[in-house]
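Enquirer:
Numbering (the numbering used here), first residue to last: 358 to 416.
1. What does DSSP give as the partner residue(s) for residue 403 in the beta ladder?
2. Grab me the residues of residue 367's own chain with a C-beta within less than 6 Å of its C-beta, minus the 5 sequence neighbours each way, in chain order.
3. Distance check for residue 364 and residue 381, CA to CA, integer angstroms please.
4. Which parts of the region 363–387 are runs of the alpha helix (DSSP H), unbroken and 4 residues or longer, counting only runs that do not cross its ends?
Structure below.
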């Protein structure tokens, strides 16, 4: 089985909805080894084009 790494950055308000969306779809597939979700803090985010920082840069 081919593995893929997917990284998603969301503001705190969207962590649970994002996890719910991913797990809902992943559970519909019948294969074992559907993956794992790791939730990690982001120290800082800077949008290069606008120099926005923090949650504004994540969008």
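Glycine is no exception: its CB is placed at the ideal position from the N, C-alpha and C atoms.
Since the structure is predicted, the reported quantities are computational estimates derived from the model, not experimental observations.
Expert: In this structure, then:
1. Residue 403 is bridged to 410.
2. The answer, listed in chain order, is 375.
3. Roughly 17 Å between the two C-alpha positions.
4. Every alpha helix (DSSP H) stretch that sits fully inside the region 363–387 and reaches 4 residues is listed by chain position as 372–385.
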